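Novice: This is the structure I have questions about; it appears just below.
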Amino acid sequence: MLALGEPDFDTPEFIKEAAKQAMDLGYTKYPPVEGLYELREAVVEWEKERGLEYTPDEVIITCGAKQGIFSVLFYLIEDEEVLIPSPYWVSYPKMVELVGGTPVFLDTAKEKLTPEILEKHITERTKVLILNSPSNPSGVVYSLDELEGIAEIIKKHDIFVISDEIYSSITYDGPAPSIGTIPGMKERTVVVSGVSKAFAMTGWRVGWVLAPQHEIQALKNIQSHMLTSTSSISQYAAMVALKKGKESVREMVEKFRKRRDLVVKLAGEIENTSFPEPHGAFYLFLDVSYYTKNTARLAEVLLEHGVAVVPGEAFGCPGYIRISYASSEEEIKKGMERIKRCLYARTF
471 MLALGEPDFD TPEFIKEAAK QAMDLGYTKY PPVEGLYELR EAVVEWEKER GLEYTPDEVI
531 ITCGAKQGIF SVLFYLIEDE EVLIPSPYWV SYPKMVELVG GTPVFLDTAK EKLTPEILEK
591 HITERTKVLI LNSPSNPSGV VYSLDELEGI AEIIKKHDIF VISDEIYSSI TYDGPAPSIG
651 TIPGMKERTV VVSGVSKAFA MTGWRVGWVL APQHEIQALK NIQSHMLTST SSISQYAAMV
711 ALKKGKESVR EMVEKFRKRR DLVVKLAGEI ENTSFPEPHG AFYLFLDVSY YTKNTARLAE
771 VLLEHGVAVV PGEAFGCPGY IRISYASSEE EIKKGMERIK RCLYARTF
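According to our numbering, the sequence shown holds residues 471 to 818 in order.
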């Protein structure tokens, strides 16, 4: 309990039925490398509601958002530096290293990324900033004002942004703005998202990248030699999800909202801990450094007590644990009580 990085809900039935229909309709062959046109159209309409203006030719469908991020890094990076605010999603640094780049970490555990912090870390070798809002592991969401400040520095130093927006549909206190909507940023921003989190479709492996057409062409060339394309059946189901799934997303978010409120309340009752307010995703990032900075060991002890969490070391932040509320309210209550007892007893 409390470690899941995916919704604990099942994929909605109408999406499963769409996959069956896809097979009956003959969607069993290789799809285009860039993805089914009707899915790319649906992505354009879905993202337009968030203020992102793209055409189907500025979209490529990927095998999950993860592959999309890796392909973009493979295209952009040779031996340059990539700025990664910490806490970060666990795969960012390794992806950068795999393509020959150098990850540079920006400590944002206690505060969000600011223009001042960003500019301080930019060098002549800086090529890309990876921005994740809503954040995994913290649930932090950047406001439009905050993104505009970051965008000014990006434009000043002529670098790119990879904006990981996979949790953009799971927010609780207003929408999550995209840095790609800010004037002058579309040409220097690559937006990455997908259906995994919003529609509980983590196993279907459908993501997308939004970028200027010349960059999509480059990504298409890379993808044609990497994996050809993602499953045509999954793509068809994702298209139906985007066209007909708004209500199912709303219902899931409302359930997550109740859990978010519960876990925030319970975490607030644990003395000598703190956390950034989670306004999106389904995680709370708890600072337990008063008790220990070796949260890898703490996670082992908690597991012995029947509670699974992810230690902050995985996200570049020792002294923290990531708590997922992709669990029932009863499981959340049990898990948070065990965490509190373990911290107070210092049995680690």
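Even for Gly, the Cβ is constructed at its ideal location relative to N, Cα and C. None of these values were measured; they are calculated from a predicted model.
CB-CB under 7 angstroms to T651, same chain, minus the five flanking residues each way: which ones, in chain order?
Specialist: Along the sequence shown, read from residue 1 onward, the residue named residue 651 stands at position 181. Excluding positions up to five away in sequence, the list reads G521 and L522.
Novice: Distance check for I485 and G786, CA to CA, integer angstroms please.
Specialist: Locating residue 786 in the sequence shown gives position 316, where the first residue counts as 1. Locating residue 485 in the sequence shown gives position 15, where the first residue counts as 1. Their backbone Cα atoms lie some 36 angstroms apart in a straight line.
Novice: Can you check which of these residues, P746, E511, F479 and S694, is closest to M709 by C-alpha distance?
Specialist: Walking along the sequence shown from the start, residue 709 turns up at place 239. The candidate whose alpha carbon is nearest that of M709 is E511.
Novice: Distance check for F818 and P585, CA to CA, integer angstroms please.
Specialist: One-based indexing of the sequence shown puts residue 585 at position 115. One-based indexing of the sequence shown puts residue 818 at position 348. Rounded to whole angstroms, P585 to F818 spans 39 angstroms at the Cα level.
Novice: Under 8 angstroms, do L546 and K625 count as touching if we go by C-beta distance?
Specialist: For the purposes of this step, residue 546 is taken as the residue at position 76 of the sequence shown. For the purposes of this step, residue 625 is taken as the residue at position 155 of the sequence shown. The answer is no: Cβ separation not under 8 angstroms.
Novice: Between the alpha carbons of K580 and D757, how many angstroms are there, rounded?
Specialist: What you label residue 580 is simply residue 110 of the sequence shown in a count that begins at 1. What you label residue 757 is simply residue 287 of the sequence shown in a count that begins at 1. Straight-line Cα distance between these residues: approximately 10 angstroms.
Novice: Helix or strand or just coil, what does DSSP make of V513?
Specialist: Here residue 513 corresponds to residue number 43 of the sequence shown, with the count starting at 1. Of the three classes helix, strand and coil, the one that applies to V513 here is helix, per DSSP.
Novice: Applying the criterion that 16 or more other CB atoms from any shown protein chain within 10 Å of the CB defines a buried residue, is N602 buried or exposed?
Specialist: Within the sequence shown, numbered from 1, the residue matching residue 602 stands at position 132. Buried, by the Cβ-count rule.
Novice: Give, in chain order, every unbroken run of the beta strand (DSSP E) that is at least 3 residues long and sits entirely within the segment 721-780.
Specialist: Complete beta strand (DSSP E) runs here, min 3: 753-757.
Novice: For D634, which residues in the same chain have their Cβ closer than 6 angstroms to its Cβ, ignoring the five residues on either side in sequence?
Specialist: On the sequence shown, residue 634 is found 164 positions in, with the first residue counted as 1. Only N602 and V662 meet the Cβ criterion.
Novice: Exposed or buried, what is H695 when buried is set at 16 or more other beta-carbons lying within 10 Å of its beta-carbon?
Specialist: Position 225 of the sequence shown, counting from 1, holds the residue named residue 695. Label assigned to H695: exposed.
Novice: Which residue from L614, Y612, P647 and K656 puts its Cα closest to that of D628?
Specialist: Position 158 of the sequence shown, counted from the start, is the residue given in the question as residue 628. Residue K656 is the option with its Cα nearest to D628.
Novice: Going straight from the alpha carbon of L680 to that of E800, what length do you get?
Specialist: Working through the sequence shown from its first residue, we reach residue 680 at position 210. Working through the sequence shown from its first residue, we reach residue 800 at position 330. Taking the straight line joining both Cα atoms gives about 39 angstroms.
Novice: Please identify the residue among K667, T765 and G673 whose C-alpha is closest to the C-alpha of G750.
Specialist: Numbered from its first residue, the sequence shown carries residue 750 at position 280. Per the Cα distances, K667.
Novice: Under the three-state reduction of DSSP, which class applies to R792: helix, strand or coil?
Specialist: In the sequence shown, the residue the question calls residue 792 occupies position 322. Strand at R792.
Novice: Looking at the secondary structure, which residues open and close the beta strand (DSSP E) in which I554 lies?
Specialist: Position 84 of the sequence shown, counted from the first residue, corresponds to residue 554. Residues E551 to S556.
Novice: Per DSSP, which residues does I531 bridge with? Please list them.
Specialist: For the purposes of this step, residue 531 is taken as the residue at position 61 of the sequence shown. Paired residues: W678.
Novice: How long is the line joining the alpha carbons of G570 and I600, rounded to whole angstroms?
Specialist: As a position in the sequence shown, residue 570 is number 100, starting the count at 1. As a position in the sequence shown, residue 600 is number 130, starting the count at 1. So the two alpha carbons sit approximately 16 angstroms from each other.
Novice: First and last residue of the alpha helix (DSSP H) that includes N606?
Specialist: By 1-based counting over the sequence shown, the position of residue 606 is 136. Where N606 is concerned, there is no enclosing alpha helix (DSSP H), given that its DSSP letter is neither H nor E.
Novice: CA-CA distance, L617 and P788?
Specialist: Translated into positions along the sequence shown, residue 617 becomes position 147. Translated into positions along the sequence shown, residue 788 becomes position 318. About 27 angstroms.
Novice: Residues in the same chain with beta-carbon distance under 8 angstroms from L576, minus the five sequence neighbours each way, listed in chain order, please.
Specialist: Sequence index remark: in the sequence shown, residue 576 carries index 106 (1-based). Taken in chain order, the residues that qualify are L553, I554, P555, S556, L583, I587, L588 and H591.
Novice: Do the CB positions of A796 and P781 come within less than 8 angstroms of each other?
Specialist: Translated into the one-based positions of the sequence shown, residue 796 becomes position 326. Translated into the one-based positions of the sequence shown, residue 781 becomes position 311. Taking 8 angstroms as the Cβ cut-off, A796 and P781 do not qualify as a contacting pair.
Novice: Which one or two residues does DSSP pair with S663 in a beta bridge?
Specialist: As a working note, residue 663 is residue 193 in the sequence shown. Looking at the DSSP assignment, S663 forms a beta bridge with W678.
Novice: Would V542 and I636 qualify as a contact pair, given that the criterion is a beta-carbon distance under 8 angstroms?
Specialist: Along the sequence shown, read from residue 1 onward, the residue named residue 542 stands at position 72. Along the sequence shown, read from residue 1 onward, the residue named residue 636 stands at position 166. Result no, Cβ atoms of V542 and I636 do not sit closer than 8 angstroms.
Novice: So, is L736 buried or exposed, given that buried needs 16 or more other C-beta atoms within 10 angstroms?
Specialist: Residue 736 sits at position 266 when you count from the first residue of the sequence shown. With 16 or more other Cβ atoms within 10 Å, it is buried.
Novice: DSSP three-state call for K582: helix, strand or coil?
Specialist: Within the sequence shown, numbered from 1, the residue matching residue 582 stands at position 112. If DSSP states are grouped into helix, strand and coil, K582 belongs with coil.
Novice: May I have the straight-line CA-CA distance separating Q687 from G664, to the nearest angstrom?
Specialist: Walking along the sequence shown from the start, residue 687 turns up at place 217. Walking along the sequence shown from the start, residue 664 turns up at place 194. Roughly 19 angstroms separates the two Cα atoms.
Novice: One question on the structure: do V610 and P477 come within less than 8 angstroms of each other, judged by their Cβ atoms?
Specialist: As a position in the sequence shown, residue 610 is number 140, starting the count at 1. As a position in the sequence shown, residue 477 is number 7, starting the count at 1. Going by C-beta atoms, V610 is not nearer than 8 angstroms to P477.
Novice: For F630, name the three-state secondary structure that DSSP assigns.
Specialist: Here the question's residue 630 lines up with position 160 in the sequence shown. Three-state DSSP puts F630 in a strand.
Novice: For a quick check, are the C-beta atoms of V723 and T700 less than 8 angstroms apart?
Specialist: Counting from 1 along the sequence shown, the entry for residue 723 is found at position 253. Counting from 1 along the sequence shown, the entry for residue 700 is found at position 230. Contact flag unset, no.
Novice: Let me check one thing: in DSSP terms, what residues is P573 bridge-paired to?
Specialist: For the purposes of this step, residue 573 is identified with residue 103 of the sequence shown, where counting begins at 1. Partner(s): V552.
Novice: Indicate whether E504 and K690 have their beta-carbon atoms separated by less than 8 angstroms.
Specialist: Residue mapping note: residue 504 aligns to position 34 of the sequence shown, counting from 1. Residue mapping note: residue 690 aligns to position 220 of the sequence shown, counting from 1. Going by C-beta atoms, E504 is nearer than 8 angstroms to K690.
Novice: Who pairs with T596 in a beta bridge, going by DSSP?
Specialist: Taking the sequence shown and counting its residues from 1, one reaches residue 596 at position 126. Answer is E551.
Novice: Using a Cβ-Cβ cut-off of 8 angstroms, state whether T651 counts as contacting chain D.
Specialist: Among the chains of the structure shown, chain D does not appear; only one protein chain is present.
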